[in-house]
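Written below as C-alpha coordinates is the structure these notes are about.
In this note's numbering, the protein residues as written are 793 to 1315.
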(Lines of atoms letter the chains of each structure in order from A and count residues from 1; the text may use other names and numbers.)
(Lines give C-alpha, C1' and ligand atoms only; values in the text may rest on other atoms or scores of the structure.)
Protein backbone atom coordinates (compact mmCIF):
# COMPACT_ATOMS: atom_id res chain seq x y z
CA UNK A 1 0.00 0.00 0.00
CA UNK A 2 1.19 3.56 -0.74
CA UNK A 3 0.72 6.48 1.62
CA UNK A 4 1.91 10.02 2.33
CA UNK A 5 1.88 9.31 6.06
CA UNK A 6 -1.81 8.65 6.65
CA UNK A 7 -3.86 5.63 5.60
CA UNK A 8 -2.70 4.48 2.20
CA UNK A 9 -4.43 2.99 -0.80
CA UNK A 10 -3.71 -0.43 -2.35
CA UNK A 11 -1.25 -0.59 -5.24
CA UNK A 12 -2.68 -2.44 -8.20
CA UNK A 13 -1.23 -5.92 -8.72
CA UNK A 14 1.29 -5.52 -5.85
CA UNK A 15 0.49 -8.94 -4.39
CA UNK A 16 3.83 -10.73 -4.59
CA UNK A 17 6.46 -11.39 -1.87
CA UNK A 18 8.54 -8.42 -3.07
CA UNK A 19 7.79 -5.03 -4.60
CA UNK A 20 10.03 -2.38 -6.25
CA UNK A 21 8.61 1.15 -5.87
CA UNK A 22 8.68 3.44 -8.87
CA UNK A 23 11.45 6.08 -8.96
CA UNK A 24 9.84 8.13 -11.72
CA UNK A 25 8.35 10.80 -9.44
CA UNK A 26 10.32 13.14 -7.18
CA UNK A 27 9.22 13.33 -3.53
CA UNK A 28 8.70 11.21 -0.41
CA UNK A 29 6.32 8.27 -0.14
CA UNK A 30 5.72 5.69 2.59
CA UNK A 31 5.01 2.02 1.92
CA UNK A 32 3.62 -0.76 4.08
CA UNK A 33 2.30 -4.30 3.64
CA UNK A 34 -1.06 -5.72 4.70
CA UNK A 35 -1.25 -9.52 4.85
CA UNK A 36 -4.68 -11.14 4.92
CA UNK A 37 -5.28 -14.79 5.80
CA UNK A 38 -8.66 -16.35 4.97
CA UNK A 39 -9.87 -19.57 6.62
CA UNK A 40 -13.27 -20.62 5.29
CA UNK A 41 -13.41 -23.66 7.59
CA UNK A 42 -14.18 -21.56 10.66
CA UNK A 43 -17.43 -19.89 11.58
CA UNK A 44 -17.79 -16.18 12.15
CA UNK A 45 -14.94 -13.90 11.03
CA UNK A 46 -12.96 -15.86 8.46
CA UNK A 47 -10.18 -13.26 7.88
CA UNK A 48 -7.18 -12.16 9.97
CA UNK A 49 -5.01 -9.16 9.00
CA UNK A 50 -1.45 -8.08 9.93
CA UNK A 51 0.13 -4.75 8.99
CA UNK A 52 3.90 -4.23 8.66
CA UNK A 53 5.98 -1.25 9.75
CA UNK A 54 6.16 1.66 7.33
CA UNK A 55 9.14 2.16 4.99
CA UNK A 56 10.06 5.71 3.92
CA UNK A 57 11.22 6.10 0.30
CA UNK A 58 12.70 9.43 -0.83
CA UNK A 59 13.20 10.20 -4.52
CA UNK A 60 15.61 13.12 -4.97
CA UNK A 61 15.54 15.60 -7.81
CA UNK A 62 15.76 13.85 -11.14
CA UNK A 63 18.73 15.00 -13.19
CA UNK A 64 18.36 15.99 -16.81
CA UNK A 65 20.01 13.69 -19.31
CA UNK A 66 23.78 14.23 -19.36
CA UNK A 67 23.99 15.53 -15.77
CA UNK A 68 25.55 13.76 -12.79
CA UNK A 69 26.03 14.27 -9.05
CA UNK A 70 29.50 15.19 -7.79
CA UNK A 71 30.33 15.38 -4.06
CA UNK A 72 33.24 17.55 -2.89
CA UNK A 73 35.46 17.07 0.20
CA UNK A 74 38.57 18.72 1.58
CA UNK A 75 41.81 16.79 2.19
CA UNK A 76 40.59 15.67 5.63
CA UNK A 77 37.45 14.24 4.04
CA UNK A 78 35.23 16.95 5.45
CA UNK A 79 32.18 17.22 3.23
CA UNK A 80 31.85 20.49 1.31
CA UNK A 81 28.88 20.11 -1.03
CA UNK A 82 27.18 18.02 -3.69
CA UNK A 83 26.32 19.61 -7.03
CA UNK A 84 24.56 18.54 -10.20
CA UNK A 85 27.05 18.95 -13.04
CA UNK A 86 27.20 18.63 -16.79
CA UNK A 87 30.41 18.51 -18.80
CA UNK A 88 33.47 20.39 -17.49
CA UNK A 89 33.52 21.61 -13.86
CA UNK A 90 35.44 24.82 -13.09
CA UNK A 91 36.70 24.40 -9.50
CA UNK A 92 37.86 28.05 -9.26
CA UNK A 93 34.30 29.27 -9.74
CA UNK A 94 33.06 26.77 -7.17
CA UNK A 95 35.63 27.12 -4.43
CA UNK A 96 37.79 30.16 -5.07
CA UNK A 97 41.27 28.89 -4.32
CA UNK A 98 41.11 25.90 -1.97
CA UNK A 99 42.27 22.33 -2.46
CA UNK A 100 39.43 19.85 -2.88
CA UNK A 101 38.89 16.20 -3.58
CA UNK A 102 35.79 14.94 -5.29
CA UNK A 103 34.00 11.65 -5.82
CA UNK A 104 31.37 11.07 -8.48
CA UNK A 105 28.98 8.15 -8.76
CA UNK A 106 30.66 4.85 -9.62
CA UNK A 107 34.10 6.46 -9.21
CA UNK A 108 37.06 4.86 -7.51
CA UNK A 109 39.99 7.04 -8.57
CA UNK A 110 43.02 8.26 -6.66
CA UNK A 111 45.11 10.45 -8.99
CA UNK A 112 45.34 14.22 -9.33
CA UNK A 113 42.84 15.21 -12.00
CA UNK A 114 43.58 18.78 -13.01
CA UNK A 115 45.34 21.94 -11.87
CA UNK A 116 43.63 25.32 -12.23
CA UNK A 117 45.39 28.30 -10.65
CA UNK A 118 45.68 27.58 -6.93
CA UNK A 119 43.29 24.64 -7.17
CA UNK A 120 44.46 21.07 -6.98
CA UNK A 121 41.50 19.03 -8.08
CA UNK A 122 41.68 15.37 -7.00
CA UNK A 123 39.58 12.34 -7.52
CA UNK A 124 38.87 11.21 -3.97
CA UNK A 125 40.50 7.86 -3.09
CA UNK A 126 37.74 5.31 -2.55
CA UNK A 127 35.25 7.37 -0.58
CA UNK A 128 32.15 5.64 0.80
CA UNK A 129 29.26 7.61 2.25
CA UNK A 130 27.65 5.94 5.29
CA UNK A 131 23.90 6.35 5.73
CA UNK A 132 22.86 3.00 7.19
CA UNK A 133 23.99 0.27 9.55
CA UNK A 134 24.74 -1.92 6.54
CA UNK A 135 27.04 0.78 5.13
CA UNK A 136 28.99 0.85 8.40
CA UNK A 137 29.10 -2.93 8.57
CA UNK A 138 30.62 -3.01 5.08
CA UNK A 139 33.60 -0.90 6.20
CA UNK A 140 35.35 -3.97 7.61
CA UNK A 141 35.42 -5.41 4.08
CA UNK A 142 37.36 -2.43 2.67
CA UNK A 143 39.96 -1.49 5.29
CA UNK A 144 42.04 0.77 3.00
CA UNK A 145 39.08 2.87 1.88
CA UNK A 146 37.76 6.19 3.27
CA UNK A 147 34.39 6.80 4.89
CA UNK A 148 32.15 9.71 5.84
CA UNK A 149 28.94 9.42 7.89
CA UNK A 150 25.74 11.28 7.09
CA UNK A 151 23.53 9.84 9.84
CA UNK A 152 23.68 8.63 13.39
CA UNK A 153 23.92 4.85 13.10
CA UNK A 154 21.82 2.71 15.45
CA UNK A 155 23.25 -0.81 15.86
CA UNK A 156 19.97 -2.69 16.11
CA UNK A 157 20.15 -5.47 13.52
CA UNK A 158 20.40 -8.98 14.92
CA UNK A 159 22.88 -9.87 12.20
CA UNK A 160 24.95 -6.69 12.04
CA UNK A 161 24.75 -5.18 15.51
CA UNK A 162 24.74 -8.37 17.55
CA UNK A 163 26.63 -10.96 15.47
CA UNK A 164 25.25 -14.09 17.07
CA UNK A 165 25.44 -12.93 20.69
CA UNK A 166 29.00 -11.55 20.64
CA UNK A 167 28.00 -8.02 19.74
CA UNK A 168 29.65 -5.81 17.13
CA UNK A 169 32.39 -7.41 15.04
CA UNK A 170 35.22 -4.82 15.10
CA UNK A 171 36.48 -3.11 11.94
CA UNK A 172 40.02 -4.52 11.59
CA UNK A 173 40.74 -7.55 13.72
CA UNK A 174 44.56 -7.53 14.20
CA UNK A 175 47.77 -5.74 13.20
CA UNK A 176 47.88 -7.39 9.77
CA UNK A 177 44.20 -6.65 9.08
CA UNK A 178 43.85 -3.04 10.25
CA UNK A 179 41.88 -0.04 9.11
CA UNK A 180 44.23 2.37 7.30
CA UNK A 181 41.90 4.96 5.74
CA UNK A 182 40.14 8.12 6.87
CA UNK A 183 36.92 7.70 8.85
CA UNK A 184 35.08 11.00 9.28
CA UNK A 185 32.10 10.66 11.59
CA UNK A 186 31.06 14.12 10.41
CA UNK A 187 29.69 14.94 13.87
CA UNK A 188 27.46 11.86 14.01
CA UNK A 189 27.51 8.93 16.43
CA UNK A 190 27.45 5.14 16.33
CA UNK A 191 24.90 4.21 18.98
CA UNK A 192 24.04 1.08 20.98
CA UNK A 193 27.51 -0.43 20.52
CA UNK A 194 28.15 -3.49 22.64
CA UNK A 195 30.79 -6.19 22.34
CA UNK A 196 31.06 -9.35 24.42
CA UNK A 197 34.34 -10.97 23.32
CA UNK A 198 36.32 -11.51 26.56
CA UNK A 199 38.76 -13.95 24.93
CA UNK A 200 39.45 -11.74 21.88
CA UNK A 201 42.24 -9.19 21.36
CA UNK A 202 41.83 -5.99 19.28
CA UNK A 203 38.33 -4.99 20.33
CA UNK A 204 36.43 -1.74 19.83
CA UNK A 205 34.33 -0.14 17.11
CA UNK A 206 37.68 -0.39 15.32
CA UNK A 207 39.69 -3.38 16.45
CA UNK A 208 42.94 -2.09 14.94
CA UNK A 209 43.89 1.14 13.13
CA UNK A 210 47.24 1.05 11.36
CA UNK A 211 49.75 3.45 9.82
CA UNK A 212 48.13 6.61 8.50
CA UNK A 213 44.58 5.91 9.68
CA UNK A 214 42.62 8.95 10.80
CA UNK A 215 39.44 8.64 12.87
CA UNK A 216 37.72 12.01 13.22
CA UNK A 217 34.54 13.74 14.38
CA UNK A 218 33.03 10.51 15.68
CA UNK A 219 30.88 9.63 18.66
CA UNK A 220 30.64 6.07 20.00
CA UNK A 221 27.78 5.50 22.44
CA UNK A 222 28.16 2.19 24.25
CA UNK A 223 25.15 0.20 25.49
CA UNK A 224 25.81 -0.65 29.15
CA UNK A 225 22.53 -2.57 29.41
CA UNK A 226 24.16 -5.27 27.26
CA UNK A 227 27.45 -5.25 29.17
CA UNK A 228 29.31 -2.45 27.38
CA UNK A 229 32.49 -3.30 25.48
CA UNK A 230 34.42 -6.36 26.69
CA UNK A 231 37.59 -7.88 25.28
CA UNK A 232 40.88 -9.47 26.34
CA UNK A 233 43.83 -7.20 25.42
CA UNK A 234 44.04 -4.05 23.25
CA UNK A 235 40.51 -2.88 23.93
CA UNK A 236 39.04 0.60 23.47
CA UNK A 237 35.68 2.27 23.06
CA UNK A 238 36.71 3.70 19.70
CA UNK A 239 39.78 1.63 18.80
CA UNK A 240 41.55 -1.25 20.52
CA UNK A 241 44.94 -0.84 18.83
CA UNK A 242 46.16 2.48 17.39
CA UNK A 243 49.41 2.11 15.46
CA UNK A 244 50.85 5.17 13.73
CA UNK A 245 47.38 6.72 13.53
CA UNK A 246 45.28 9.53 15.02
CA UNK A 247 41.93 10.04 16.74
CA UNK A 248 40.59 13.60 16.90
CA UNK A 249 37.36 15.36 17.91
CA UNK A 250 35.79 12.11 19.07
CA UNK A 251 34.14 10.69 22.18
CA UNK A 252 32.93 7.50 23.79
CA UNK A 253 30.25 6.95 26.41
CA UNK A 254 29.66 3.73 28.30
CA UNK A 255 31.81 1.13 30.00
CA UNK A 256 34.90 -0.67 28.67
CA UNK A 257 36.52 -3.68 30.36
CA UNK A 258 39.28 -6.16 29.51
CA UNK A 259 42.45 -7.74 30.89
CA UNK A 260 45.29 -5.44 29.76
CA UNK A 261 45.77 -2.29 27.66
CA UNK A 262 42.30 -0.83 28.02
CA UNK A 263 41.15 2.74 27.36
CA UNK A 264 37.80 4.41 26.84
CA UNK A 265 39.11 5.93 23.59
CA UNK A 266 42.04 3.64 22.68
CA UNK A 267 43.53 0.59 24.37
CA UNK A 268 47.09 0.53 23.02
CA UNK A 269 48.71 3.53 21.28
CA UNK A 270 51.98 2.61 19.61
CA UNK A 271 54.77 4.03 17.42
CA UNK A 272 57.79 1.94 16.37
CA UNK A 273 61.08 1.96 14.48
CA UNK A 274 59.57 1.21 11.11
CA UNK A 275 58.15 4.73 10.75
CA UNK A 276 59.91 7.78 9.36
CA UNK A 277 61.23 10.45 11.70
CA UNK A 278 58.35 12.76 10.77
CA UNK A 279 55.68 10.39 12.03
CA UNK A 280 53.40 11.42 14.87
CA UNK A 281 50.42 9.88 16.62
CA UNK A 282 47.78 11.94 18.38
CA UNK A 283 44.58 11.73 20.37
CA UNK A 284 43.19 15.26 20.38
CA UNK A 285 39.98 17.04 21.43
CA UNK A 286 38.42 13.79 22.62
CA UNK A 287 36.65 12.63 25.76
CA UNK A 288 35.12 9.67 27.56
CA UNK A 289 32.41 9.44 30.20
CA UNK A 290 32.21 5.69 30.88
CA UNK A 291 33.94 3.49 33.45
CA UNK A 292 37.07 1.59 32.42
CA UNK A 293 38.21 -1.54 34.27
CA UNK A 294 40.71 -4.34 33.90
CA UNK A 295 43.95 -5.73 35.30
CA UNK A 296 46.90 -3.59 34.12
CA UNK A 297 47.46 -0.76 31.69
CA UNK A 298 44.11 0.96 32.26
CA UNK A 299 43.38 4.57 31.26
CA UNK A 300 40.47 6.96 30.91
CA UNK A 301 41.67 7.90 27.41
CA UNK A 302 44.41 5.35 26.58
CA UNK A 303 45.59 2.28 28.45
CA UNK A 304 49.17 1.96 27.17
CA UNK A 305 51.06 4.71 25.32
CA UNK A 306 54.31 3.30 23.89
CA UNK A 307 56.88 4.96 21.61
CA UNK A 308 59.86 3.06 20.24
CA UNK A 309 60.30 5.08 17.06
CA UNK A 310 63.18 7.31 15.97
CA UNK A 311 62.50 11.06 16.41
CA UNK A 312 58.74 10.63 16.48
CA UNK A 313 56.02 11.80 18.84
CA UNK A 314 52.85 10.64 20.52
CA UNK A 315 50.50 13.20 22.07
CA UNK A 316 47.27 13.24 24.06
CA UNK A 317 46.01 16.81 24.02
CA UNK A 318 42.88 18.77 25.00
CA UNK A 319 41.04 15.66 26.18
CA UNK A 320 39.28 14.49 29.34
CA UNK A 321 37.81 11.54 31.20
CA UNK A 322 35.01 11.59 33.79
CA UNK A 323 34.42 7.88 34.49
CA UNK A 324 35.78 5.61 37.19
CA UNK A 325 39.12 4.06 36.15
CA UNK A 326 40.07 0.87 38.00
CA UNK A 327 42.63 -1.91 37.73
CA UNK A 328 43.32 -4.98 39.82
CA UNK A 329 46.99 -4.75 38.79
CA UNK A 330 49.52 -2.03 37.99
CA UNK A 331 49.68 1.09 35.79
CA UNK A 332 46.33 2.83 36.08
CA UNK A 333 45.69 6.50 35.21
CA UNK A 334 42.82 8.92 34.75
CA UNK A 335 44.10 9.77 31.25
CA UNK A 336 46.79 7.15 30.51
CA UNK A 337 47.78 4.00 32.39
CA UNK A 338 51.32 3.20 31.19
CA UNK A 339 53.44 5.84 29.39
CA UNK A 340 56.68 4.33 28.07
CA UNK A 341 59.56 5.10 25.66
CA UNK A 342 62.06 2.37 24.79
CA UNK A 343 63.78 4.11 21.85
CA UNK A 344 67.42 5.16 22.25
CA UNK A 345 66.75 8.14 19.97
CA UNK A 346 65.02 11.48 20.46
CA UNK A 347 61.39 10.41 20.56
CA UNK A 348 58.73 11.98 22.77
CA UNK A 349 55.37 11.52 24.45
CA UNK A 350 53.36 14.51 25.66
CA UNK A 351 50.18 14.57 27.73
CA UNK A 352 49.09 18.20 27.66
CA UNK A 353 46.01 20.29 28.50
CA UNK A 354 43.93 17.38 29.83
CA UNK A 355 41.86 16.64 32.90
CA UNK A 356 40.33 13.73 34.79
CA UNK A 357 37.46 13.90 37.30
CA UNK A 358 36.70 10.25 38.04
CA UNK A 359 38.08 8.10 40.84
CA UNK A 360 41.20 6.10 39.94
CA UNK A 361 42.26 2.88 41.67
CA UNK A 362 44.78 0.09 41.15
CA UNK A 363 47.78 -1.64 42.68
CA UNK A 364 51.20 -0.06 41.96
CA UNK A 365 51.70 2.95 39.71
CA UNK A 366 48.38 4.78 40.03
CA UNK A 367 47.84 8.45 39.15
CA UNK A 368 45.06 10.94 38.56
CA UNK A 369 46.50 11.69 35.10
CA UNK A 370 49.07 8.92 34.40
CA UNK A 371 49.89 5.75 36.29
CA UNK A 372 53.47 4.90 35.29
CA UNK A 373 55.82 7.21 33.34
CA UNK A 374 59.07 5.65 32.16
CA UNK A 375 61.96 6.15 29.75
CA UNK A 376 65.55 4.99 30.06
CA UNK A 377 67.70 7.20 27.80
CA UNK A 378 68.95 10.78 27.75
CA UNK A 379 67.44 11.67 24.35
CA UNK A 380 63.80 10.70 24.80
CA UNK A 381 61.36 12.93 26.67
CA UNK A 382 57.99 12.47 28.35
CA UNK A 383 55.93 15.40 29.63
CA UNK A 384 52.72 15.84 31.59
CA UNK A 385 51.83 19.54 31.64
CA UNK A 386 48.88 21.90 32.10
CA UNK A 387 46.55 19.20 33.40
CA UNK A 388 44.45 18.64 36.51
CA UNK A 389 42.80 15.82 38.42
CA UNK A 390 39.90 15.99 40.90
CA UNK A 391 38.90 12.39 41.70
CA UNK A 392 40.11 10.24 44.57
CA UNK A 393 43.19 8.11 43.79
CA UNK A 394 44.04 4.88 45.59
CA UNK A 395 46.46 1.96 45.27
CA UNK A 396 48.98 -0.10 47.16
CA UNK A 397 52.19 1.78 46.25
CA UNK A 398 53.45 4.61 44.02
CA UNK A 399 50.24 6.61 44.13
CA UNK A 400 49.88 10.29 43.19
CA UNK A 401 47.29 12.91 42.30
CA UNK A 402 48.98 13.53 38.94
CA UNK A 403 51.28 10.53 38.38
CA UNK A 404 51.98 7.33 40.29
CA UNK A 405 55.61 6.68 39.35
CA UNK A 406 57.98 8.83 37.26
CA UNK A 407 61.44 7.85 36.07
CA UNK A 408 63.86 9.13 33.43
CA UNK A 409 66.07 12.22 33.35
CA UNK A 410 63.90 13.96 30.75
CA UNK A 411 60.53 13.24 32.27
CA UNK A 412 58.73 16.52 32.94
CA UNK A 413 55.76 17.00 35.28
CA UNK A 414 54.95 20.73 35.33
CA UNK A 415 52.09 23.20 35.72
CA UNK A 416 49.55 20.69 36.98
CA UNK A 417 46.95 20.94 39.73
CA UNK A 418 46.01 18.10 42.08
CA UNK A 419 42.56 19.05 43.39
CA UNK A 420 41.84 15.56 44.71
CA UNK A 421 40.09 15.16 48.06
CA UNK A 422 42.10 12.07 48.98
CA UNK A 423 45.07 9.97 47.84
CA UNK A 424 45.40 6.60 49.55
CA UNK A 425 47.99 3.80 49.55
CA UNK A 426 50.42 1.86 51.70
CA UNK A 427 53.78 3.08 50.31
CA UNK A 428 55.05 6.06 48.29
CA UNK A 429 51.85 8.08 48.43
CA UNK A 430 52.00 11.80 47.58
CA UNK A 431 49.81 14.59 46.30
CA UNK A 432 51.59 15.12 42.94
CA UNK A 433 53.83 12.09 42.24
CA UNK A 434 53.91 8.97 44.38
CA UNK A 435 57.48 7.98 43.53
CA UNK A 436 60.21 9.74 41.50
CA UNK A 437 63.42 8.36 40.03
CA UNK A 438 64.80 11.25 37.97
CA UNK A 439 62.99 13.92 35.99
CA UNK A 440 61.91 17.54 36.36
CA UNK A 441 58.88 17.95 38.62
CA UNK A 442 57.94 21.54 39.51
CA UNK A 443 55.34 24.32 39.33
CA UNK A 444 52.61 21.94 40.50
CA UNK A 445 49.93 22.90 43.03
CA UNK A 446 47.90 20.74 45.40
CA UNK A 447 44.91 21.21 47.68
CA UNK A 448 46.14 21.53 51.27
CA UNK A 449 43.00 19.82 52.62
CA UNK A 450 43.76 16.65 50.66
CA UNK A 451 43.95 13.63 52.95
CA UNK A 452 45.63 10.25 52.86
CA UNK A 453 44.64 6.99 54.54
CA UNK A 454 42.00 8.59 56.73
CA UNK A 455 44.29 11.32 58.05
CA UNK A 456 47.73 9.76 57.73
CA UNK A 457 50.94 11.39 56.54
CA UNK A 458 52.02 11.64 52.91
CA UNK A 459 55.34 9.93 52.14
CA UNK A 460 57.33 13.02 51.10
CA UNK A 461 55.36 15.91 52.53
CA UNK A 462 58.42 18.20 52.75
CA UNK A 463 59.47 17.77 49.10
CA UNK A 464 57.71 20.05 46.58
CA UNK A 465 58.43 17.67 43.70
CA UNK A 466 56.45 14.90 45.35
CA UNK A 467 53.99 16.99 47.27
CA UNK A 468 53.44 20.13 45.20
CA UNK A 469 52.95 23.67 46.46
CA UNK A 470 50.29 23.50 49.15
CA UNK A 471 47.38 25.92 48.69
CA UNK A 472 44.05 26.38 50.39
CA UNK A 473 40.79 25.93 48.56
CA UNK A 474 40.34 29.70 48.22
CA UNK A 475 43.95 30.20 47.06
CA UNK A 476 43.56 27.62 44.32
CA UNK A 477 40.62 29.67 43.04
CA UNK A 478 42.69 32.86 42.72
CA UNK A 479 44.73 33.55 39.60
CA UNK A 480 47.26 35.47 41.70
CA UNK A 481 48.27 32.16 43.30
CA UNK A 482 49.89 31.01 40.09
CA UNK A 483 51.82 34.17 39.18
CA UNK A 484 54.93 33.02 41.07
CA UNK A 485 55.04 29.86 38.95
CA UNK A 486 55.46 31.71 35.65
CA UNK A 487 59.05 31.27 34.51
CA UNK A 488 61.09 34.43 33.85
CA UNK A 489 59.00 37.31 32.57
CA UNK A 490 56.09 35.09 31.55
CA UNK A 491 57.03 35.07 27.89
CA UNK A 492 59.24 31.99 27.82
CA UNK A 493 59.61 28.64 29.50
CA UNK A 494 57.04 26.26 30.91
CA UNK A 495 55.07 28.53 33.18
CA UNK A 496 51.43 28.78 34.19
CA UNK A 497 49.85 30.87 31.43
CA UNK A 498 46.35 32.26 31.33
CA UNK A 499 44.78 32.97 27.96
CA UNK A 500 42.79 31.37 25.20
CA UNK A 501 45.03 29.00 23.23
CA UNK A 502 47.27 25.95 23.61
CA UNK A 503 50.28 28.06 24.63
CA UNK A 504 48.22 29.99 27.22
CA UNK A 505 45.72 27.35 28.24
CA UNK A 506 44.55 28.25 31.73
CA UNK A 507 41.48 30.24 32.78
CA UNK A 508 39.80 31.02 36.10
CA UNK A 509 36.15 31.99 36.50
CA UNK A 510 34.20 31.80 39.75
CA UNK A 511 31.23 30.36 37.88
CA UNK A 512 33.09 27.48 36.20
CA UNK A 513 34.82 24.33 37.44
CA UNK A 514 33.79 25.22 41.00
CA UNK A 515 36.10 28.22 40.80
CA UNK A 516 39.26 26.16 40.22
CA UNK A 517 41.53 26.74 37.21
CA UNK A 518 40.28 25.10 34.04
CA UNK A 519 41.41 24.81 30.42
CA UNK A 520 40.39 27.31 27.77
CA UNK A 521 38.88 24.67 25.46
CA UNK A 522 36.34 23.70 28.16
CA UNK A 523 34.33 26.82 27.32
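Note that CB positions come from ideal geometry on N, CA and C, so glycine has one too.
Please report the straight-line C-alpha distance between residue 922 and residue 1057, rounded to a whole angstrom.
Computed Cα separation, rounded: 22 Å.
Report the CB separation of residue 745 from residue 1168 in whole angstroms; it is logged as a contact under 8 Å.
Only positions 793 to 1315 of the chain appear in the structure, and residue 745 is not among them; the question remains open.
What do you reckon, are the CB atoms on residue 1093 and residue 1107 nearer than 7 Å?
No.
For residue 960, which three-state DSSP category applies?
In this structure, residue 960 counts as coil in the three-state DSSP scheme.
Would you decide whether residue 929 is buried or exposed? Buried here means 16 or more other CB atoms lie within 10 Å of its CB.
With 16 or more other Cβ atoms within 10 Å, it is buried.
When the Cα of residue 970 is compared with those of 948, 944, 933, 986, which residue comes out closest?
The residue with the shortest Cα to Cα distance from residue 970 is 933.
Between 1205, 1206, 1222, 1218, which has its C-alpha nearest residue 1212's C-alpha?
Checking every option, the nearest Cα to that of residue 1212 belongs to 1222.
How far does the beta strand (DSSP E) with residue 921 in it reach, from first residue to last?
It spans 919-922 - the beta strand (DSSP E) in which residue 921 sits, taken as one unbroken run.
Is residue 1313 helix, strand or coil by DSSP?
DSSP places residue 1313 in helix when its eight states are reduced to three.
From this set, 1013, 1148, 1137, 993, which residue's C-alpha is nearest residue 1127's C-alpha?
Of the listed residues, the one whose Cα sits closest to residue 1127 is 1148.
On the CB-based measure, 16 or more other CB atoms within 10 Å of its CB, does residue 1315 come out buried or exposed?
Per the 10 Å Cβ criterion, exposed.
Could you pull out every residue in the same chain whose Cβ sits closer than 7 Å to the Cβ of residue 1252, ignoring the five residues on either side in sequence?
Excluding positions up to five away in sequence, the list reads 1222, 1258, 1259.
Where do the N-terminal and C-terminal ends of the alpha helix (DSSP H) with residue 1268 fall, by residue?
Residue 1268 -> alpha helix (DSSP H) spans 1265-1268.
Please confirm if the segment 1137-1148 is in contact with the segment 1170-1177, defined as three or more CB-CB distances below 8 Å between the two stretches.
Verdict: yes, contact present.
Any idea which residues DSSP pairs residue 1239 with across the strands?
Partner(s): 1263.
Name the two residues that bound the continuous alpha helix (DSSP H) containing residue 1195.
Per DSSP, residue 1195 belongs to no alpha helix (DSSP H); it is in the beta strand (DSSP E), 1195-1199.
On a Cα-Cα basis, can you pick out the residue from 821, 924, 1130 that is closest to residue 1054?
Measuring from the Cα of residue 1054, the nearest candidate turns out to be 1130.
Once the 5 residues before and after residue 1004 are set aside, which same chain residues still bring their CB inside 7 Å of it?
Answer for residue 1004: 972, 1036, 1037, listed in chain order.
Determine the contact status of residue 1102 and residue 1132, defining contact as a CB-CB distance below 7 Å.
No, the pair does not count as a contact, with Cβ atoms beyond the cut-off.
Can you name, in chain order, every residue of its own chain whose Cβ lies under 6 Å from the Cβ of residue 1154, other than the five neighbours on each side?
Cβ neighbours of residue 1154 beyond the five flanking positions: 1119, 1124, 1187.
Do you know whose CA, among 1087, 1098, 1208, lies nearest residue 1144's CA?
Looking at the Cα atoms, 1208 is the closest of the given residues.
DSSP on residue 1018, reduced to helix/strand/coil?
The answer is helix: DSSP assigns residue 1018 an H, G or I state.
Below 6 Å CB to CB, which residues in the same chain sit around residue 1052 once its five sequence neighbours on both sides are set aside?
So the list reads 1025, 1087, 1088, 1089, once near-sequence residues are dropped.
Among 976, 1019, 1206, which one has its Cα closest to the Cα of residue 990?
Comparing Cα-Cα distances from residue 990 to each of 976, 1019, 1206, the minimum goes to 1019.
Excluding the 5 residues preceding and the 5 following residue 977 in the sequence, name in chain order all residues of the same chain whose CB lies nearer than 6 Å to its CB.
Excluding sequence neighbours, residue 977 sits near 941, 1009, 1010.
Please list, in chain order, all residues of the same chain as residue 1240 whose beta carbon is under 7 Å from its beta carbon, the five residues on each side excluded.
Here the set comprises 1262, 1263, 1264.
Using only alpha-carbon positions, find the residue among 1217, 842, 1150 that is nearest to residue 830.
Looking at the Cα atoms, 842 is the closest of the given residues.
The alpha helix (DSSP H) spanning residue 927 covers which residue range?
925-929 is the extent of the alpha helix (DSSP H) around residue 927.
By a C-beta neighbour count over all protein chains shown, 10 Å radius and 16 as the cutoff for buried, is residue 811 buried or exposed?
Exposed is the call here.
Grouping DSSP H, G and I as helix and E and B as strand, with all else coil, what is residue 1306?
Reduced to three states, the DSSP call for residue 1306 is helix.
Using DSSP bridges, identify the partner residues of residue 1012.
The partner list for residue 1012 (beta bridge, DSSP) reads 982, 1044.
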